[in-house]
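Mapping to my numbering: the sequence shown position 65 is 66, numbers consecutive. Reading through the structure tokens given below for one structure.
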Amino acid sequence: MSLASNPTPKSREGSLLLPAVRLTVWRELGQVLQREHVMGYLLVLPAVLLLVGLVAYPFVIALWLSLTDAYVGRGGDFIGLRNFLTLFMEDDIFRQTLRNSILFTTSAVAIKTVLGLSLALLLAQNLRLKRLIRGAVLLPWVIPTALSTLGWLWMFDSLYSVINWTLLRLGVIDKGLQWLGTPHLAMIAVITVNVWRGLPFYAITLLAGLMSINPELYEAAESDGADAWARFRYITLPLLRPVLAVVILFSTILTFADFNIVYVLTRGGPVNSTHLFATFAYQAGLQAGKIGEGSAIALFMFPVLAVIVYLQLHYARREI
């Protein structure tokens, strides 16, 4: 009989201890995982890794590139804040882009706020097929931005514009308008498309806020003789302000950093009249190959957005 068939006492003892050791390790590990702070860190770890890999690391790289004179295909030398100073002091296109971004964001957010609140109040009424209508309202938000903007590009076309055809038939204009070839009309066009796309976000979110208001408040106000405007002013609007502040915050960030709509419609033209920070950074950094300058343009959005976020969050906390 071979030695393999008759294990020694030492090997037999080791084979018996191995499952016990494993059981002890798993038991200790289970006790560690039952601690709230340990489990909390483990659950947050995947999100932290995603933020570091997709947000923090690209931000640090962009910050470093903005301090260099790097071009596509070659590394750059450190030049400090020269890109920022040159853009702000000497680049007329950048200053125009700053004005365009402020005008575009303030106009689009203001219009979306008014129309979104109005649409939310309408959807809150007891309408026929209200579920179907609420689902249809979401279509502009669900459709991919580039695809829907291509439809608007055809609608604003100088030769085949359905908007011009409608306005001509109604007698509003005498001849077709060059929507995307005239500076102020091009800005109106990109604002219109941005409002059309962002309106469902306002409407559905504010509708959820309206649904959370206690109906007994309206009944009590109505029994006291308050009309519709008084109920809206003293009940709806105050109770909806926290939700409205958060919606405006998100909409401002998304609108200020918009790229797809402007790039598909106008490429920043005509004569740079619709350039935003995102489109101008893309043009300078990727198309022209000036990676350092493009990074500096993109990072100019950061302090502006930081101030907007701080003010909005401060207002939201005060309302809550």
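Cβ coordinates follow ideal geometry from the N, Cα and C atoms, glycine included. No experiment lies behind these values; they were computed from the predicted model shown.
Please confirm whether residue i and residue j have their CB atoms less than 9 Å apart.
i: L181; j: L154; result: yes
i: T280; j: G269; result: yes
i: L88; j: G77; result: no
i: A209; j: V244; result: yes
i: H117; j: L200; result: The sequence shown places Gly at residue 117, rather than the His named in the question. Closer than 9 Å, so yes.
i: K176; j: L169; result: yes
i: M212; j: A125; result: yes
i: A229; j: Y235; result: no
i: F105; j: F301; result: no
i: I192; j: S119; result: no
i: A147; j: T267; result: no
i: I214; j: L241; result: yes
i: L68; j: G54; result: no
i: M156; j: I164; result: yes
i: D70; j: R83; result: yes
Mind reading off the beta-carbon distance from residue i to residue j? Whole number of angstroms is fine, and I expect it under 8 Å.
i: I262; j: V194; result: 5 Å
i: V110; j: S252; result: 5 Å
i: Y72; j: G290; result: 5 Å
i: V310; j: L250; result: 7 Å
i: S1; j: R198; result: For the chain, the structure presents residues 2 to 321; residue 1 sits outside this window and is missing.
i: I112; j: V196; result: 5 Å
i: R232; j: E220; result: Actually they are not in contact, since the Cβ atoms of R232 and E220 sit about 10 Å apart, beyond 8 Å.
i: L140; j: I134; result: Rounded, the Cβ-Cβ distance is 11 Å, inconsistent with contact.
Which residues does DSSP pair with residue i in a beta bridge?
i: T69; result: F79
Quick one, which of the options has its alpha-carbon nearest residue i's?
i: F202; options: W142, Q179, S213, Y235; result: W142
i: F79; options: L287, E294, P47, P216; result: E294
i: T98; options: Y283, R132, I309; result: Y283
i: I62; options: G172, S159, S296, E220; result: S296
i: P1; options: I254, P271, T69; result: Missing from the structure shown is residue 1; the chain here goes from 2 to 321 and no further.
i: N101; options: V272, V310, V308, L68; result: V272
i: T206; options: A285, L122, W197; result: L122
i: I298; options: L64, V45, A48; result: L64
i: H276; options: T69, E91, I103, I134; result: I103
i: L115; options: L140, R129, V248; result: In the sequence under discussion, the amino acid at residue 115 is Val, which differs from the Leu named in the question. Among L140, R129, V248, the Cα nearest to that of V115 is on V248.
i: H315; options: Q288, L287, A246, D259; result: A246
i: A204; options: M156, V138, P216; result: V138
i: R96; options: L312, F278, G286, Q313; result: F278
i: Q288; options: M40, A57, P184, G74; result: G74
Just curious, the alpha helix (DSSP H) that residue i is in, first and last residue?
i: G293; result: 292-300
i: N127; result: Neither: N127 is in no alpha helix (DSSP H) and is coded neither H nor E.
i: G152; result: 146-156
i: S252; result: 238-257
i: Y203; result: 184-212
i: I262; result: 261-266
i: N215; result: Looking at the DSSP string, N215 is not in any alpha helix (DSSP H), and its letter there is neither H nor E.
i: T167; result: 163-171
i: W180; result: From DSSP, W180 is part of no alpha helix (DSSP H); its letter is neither H nor E.
i: A282; result: 278-283
i: P141; result: 140-143
i: R1; result: Residue 1 lies beyond the residue range present for the chain, which begins at 2 and ends at 321; the question has no answer from this structure.
Comparing the CB of residue i with every heavy atom of the ligand ADP, is any distance shorter than 8 Å?
i: L181; result: For the structure depicted, the ligand ADP is absent and the ligand set is empty, with no information on it obtainable.
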